Structure formats: C-alpha cells, structure tokens
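Those letters in the sequence shown? Residues -24 to -1, 1 to 275, by mature numbering (1 follows the signal peptide of the UniProt record, and there is no 0). For glycine and all other residues, C-beta sits at the position ideal for the given N, C-alpha and C. The structure presented is a predicted model; accordingly, all values stated were derived computationally and were not measured. Read the structure below first, then the notes.
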Amino acid sequence: MGIWIWLLALLAVFNIKNIPFSWSVRFFRALGCGMLLHRKAKAIFKPHHVFLPAVSTTRSPLMEIDFNLHKSNSTFFTDLDVSRAYLSGVLLGPLFLHGIDGQRCNMIVGNVACSFRREIKPYRPYETWTRIASWDEKWIYMVTHFVEKRTDRPARCALLPETKTVLDEKPTVSEGQKGDRIVFASAVTQFVCKKGRMTVPPARALAECGLIQVEKQRDEGLDLDSLRNDPSLMPQSRVSSAGRSKGSPAEDLNSYLPRDLEMVRAINMPVVRLIEGWDRVHALFCEDEGVLGLHRDVI
Ligand SMILES: *[C@@H]1O[C@H](CO)[C@@H](O)[C@H](O)[C@H]1NC(C)=O
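As structure tokens, then:
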C-alpha cells in the first residue's frame, strides 16, 4: 500500500503541471506576477514597451506527451493561456484591478490559431514569448512564440532599472527572424476588452494603462474624457457599425499614437490576420529588443 502512495506522489510531482486545479493556479499566478511587475514598473513604462514580449519558462511533463513521444499539439493551448495571462498582467494590469471608471474589465478570447513547426521533447525547457503585435478598433492581437531556452543568452529585461538604459531604443519592424533560437511553434490570439457588456477599443485600454498617451497638442479637444462618451463604447451589437464610421474618437485614437508605433501596428496587422501566411508570423519573433518580464511557470 505504502509504495503506491509514494509512486502516486512521485507521479504528481513530475506532472505538477497537469494535476487538478493546476491550470487555475498557473493562470492566476502568472496574472498576479504580471500585475505586481506592472505596479513596480509603472513609472518607467514607455509607449514602445507596448510591443515588447513577456517571457514564461516551462517544460512538458510526461502527461503532455503524445504517442510520438513529444509534446502533444493540444497542450500548447494551456501554455498559451498562462503566457498571455502574464503579459496581460504586465501591460494591462490596471484594467483588472481598477478597471475603467471604477468598473473592472475582462479580456475575452475570440480566436486562437497555432502553427506547429518543431517537436518539443519531454522535460525539455522552453520559453513562450508573448507580445502584442497589433490592434484595430475592436481586437487586440497577441503573438506567442514557443522557443528553445537559451542559458547563454538570457533575455534583457526592459522593466528592471539596471538593464533599462540599454533598452530605450525605438521599436523596429522585424524583417525575418533575428537571433538563432529554434521557434517550435507560433500562435496568434485575438481578444477583446470588455467592460461589462461594452467593448473597450484597444487604444483606449492601452491609454488607460498609461502605456500610450494621446498627444494633447495635436488634438482638438480629444482627450480621454471625451472618450468616456465614446460611441464605440456601446453594446456589442452596435460596435460594428459605430466603430467603422470614420472619425469616431476611438478610431482616431490610433492616429494620435507616436508615428513609429502606429507604423509597427499597421505593418503587423496583415501578418496577425494571417493574410501573409504563417512564415511571417514565425518571423515576428525577435529576441534583440529585450523583454518586459520573465516568469517561471511550474516546471
Ligand atoms: C502535431 O503537429 C505536427 C506539426 O504539424 C504534426 O507533425 C504532428 O503529427 C501533430 N501531432 C498529432 C498527434 O497530430
């Protein structure tokens, strides 16, 4: 009898990622760690940080292995949840805590698409790099890359004071993959920010989190206050028509972005809409620009 308990315990320890309630623990731990980092780093956020990735490290235990003896394709999606939770905490933490006008917001996932390239062997450590790649009037598009873990080249963290100075560079549009890490898989997630039943335009959400600023001198009376009566902050059914009408404040917000950010957003748009094929999505991986934060998922 005794030996079975021990074997069971051992099995649980080596598959801690897949025991009951593990998903919730992993998810909320990642979200919480992200939100803590947001709080610590609030003062040094710069607009170009919007496009930087947050990195989670994990491994695939036996329970995630399929008959090919590598990580089962279906299990990439739980890793995606955790990785996105961490990035959401780091960038969008205030939306979950204080919300907008005192009402908390929710992120609702609409689409996830994943392309598999290489196998991941059992217990091999790997990293998930998730970042915001683009957004339109309604959807935020996050891209996640599953990449090999490299100990020789640890990621530089943009939100830690000691490494911050080297990273005050402007964002670049990546042409092809920089660095030589293996990309095992890439995924695009499309989600919407909801305040109650209202859709919050992504640019507004990012502005509320202090990530992008509306340039005051260029606007004619458009500021965040005027957006509180925003026509596209209306129940779902009316967003599609209201959001498309040219000149709605929410849509105009993007034209108040710093020009280089707006350029990155616009160039990435056809890529994350998968119009240009998966190679372009894989090629969005770029490790040279530094990362927002590092998170250790359960191993
Ligand atoms: C997982 O995806 C890879 C790449 O597309 C494929 O070769 C493999 O057969 C898939 N595994 C299963 C069990 O379908």
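Self-check item: Between the CA atoms of R180 and C81 - distance to the nearest angstrom
Solution: In the sequence shown, residue 81 corresponds to position 105, counting from 1. In the sequence shown, residue 180 corresponds to position 204, counting from 1. Cα to Cα, C81 sits roughly 12 Å from R180.
Exercise. Select from F21, L45, F4, T165 the residue whose C-alpha is nearest the C-alpha of F72.
Key: Locating residue 72 in the sequence shown gives position 96, where the first residue counts as 1. Checking every option, the nearest Cα to that of F72 belongs to F4.
Quiz item: Do you know offhand how far L270's Cα is from D255's?
Solution: The residue given as residue 270 occupies position 294 in the sequence shown. The residue given as residue 255 occupies position 279 in the sequence shown. If I take the Cα positions, the gap works out to 26 Å.
Quiz item: Which value, in whole angstroms, describes the spacing of the CA atoms of P178 and L(-15)?
Solution: For this step, residue 178 is matched to residue 202 along the sequence shown. For this step, residue -15 is matched to residue 10 along the sequence shown. If I take the Cα positions, the gap works out to 45 Å.
Exercise. Using the Cα positions of residue 279 and V267, report the straight-line distance between them to the nearest angstrom.
Key: With the chain represented from -24 up to 275, any question about residue 279 goes unanswered, as that position is not in the structure.
Practice problem: State whether the segment 160 to 175 contacts the segment 118 to 137, with contact taken as three or more CB pairs (one from each stretch) at a distance under 8 Å. | Solution: yes
Quiz item: Is any heavy atom of ligand 1 found at a distance shorter than 6 Å from the C-beta of N49?
Solution: For the purposes of this step, residue 49 is identified with residue 73 of the sequence shown, where counting begins at 1. Yes.
Exercise. Determine the closest residue to Q79 out of M174, T127, F(-11), K114, with distance taken between C-alpha atoms.
Key: Along the sequence shown, read from residue 1 onward, the residue named residue 79 stands at position 103. Nearest option by C-alpha distance: M174.
Practice problem: For L7, name the three-state secondary structure that DSSP assigns. | Solution: As a first step, residue 7 must be located in the sequence shown, where it is residue number 31. Of the three classes helix, strand and coil, the one that applies to L7 here is helix, per DSSP.
Self-check item: Extent of the continuous beta strand (DSSP E) to which M174 belongs
Solution: Counting from 1 along the sequence shown, the entry for residue 174 is found at position 198. From DSSP, the beta strand (DSSP E) with M174 extends over 174 to 176.
Quiz prompt | Selected residue, minimal CA-CA separation from T106, among L(-17), L182, D55 | solution = Position 130 of the sequence shown holds residue 106. Among L(-17), L182, D55, the Cα nearest to that of T106 belongs to D55.
Practice problem: Return yes when at least one heavy atom of ligand 1 lies under 6 Å from the C-beta of D42, else no. | Solution: Numbered from 1 along the sequence shown, position 66 holds the residue referred to as residue 42. Yes, Cβ of D42 sits closer than 6 Å to a heavy atom of ligand 1.
Quiz item: Just to check, is the beta-carbon of F92 closer than 6 Å to a non-hydrogen atom of ligand 1?
Solution: Here the question's residue 92 lines up with position 116 in the sequence shown. Checking the Cβ of F92 against ligand 1 gives yes.
Quiz prompt | Endpoints, beta strand (DSSP E) assigned at G186 | solution = Position 210 of the sequence shown holds residue 186. From DSSP, G186 is part of no beta strand (DSSP E); its letter is neither H nor E.
Exercise. Using alpha carbons as the reference points, say which of L135, C169, I158, V58 lies closest to V85.
Key: The residue you call residue 85 lines up with position 109 of the sequence shown. Taking only the C-alpha atoms, the option nearest V85 is C169.
Quiz prompt | Euclidean distance between Cα positions of K47 and D236 | solution = Position 71 of the sequence shown, counted from the start, is the residue given in the question as residue 47. Position 260 of the sequence shown, counted from the start, is the residue given in the question as residue 236. Rounded to the nearest angstrom, the two C-alpha atoms are 38 Å apart.
Practice problem: Quick one: using the 10 Å Cβ neighbour count with 16 as the cut-off for buried, is P(-5) buried or exposed? | Solution: Indexing the sequence shown from 1 puts residue -5 at position 20. With fewer than 16 Cβ atoms within 10 Å of its Cβ, P(-5) is classed as exposed.
Quiz item: Would you call the segment 232 to 252 and the segment 20 to 34 in contact, with 3 or more CB pairs under 8 Å?
Solution: yes
Quiz item: Alpha carbon to alpha carbon, what distance is there between I108 and K18?
Solution: Indexing the sequence shown from 1 puts residue 18 at position 42. Indexing the sequence shown from 1 puts residue 108 at position 132. Rounded to the nearest angstrom, the two C-alpha atoms are 18 Å apart.
Quiz item: Looking only at its own chain, which residues have a Cβ that is under 8 Å from the Cβ of L187, when we skip the five neighbours before and after it?
Solution: Taking the first residue of the sequence shown as position 1, residue 187 is located at position 211. F21, P23, H25, V26, L67.
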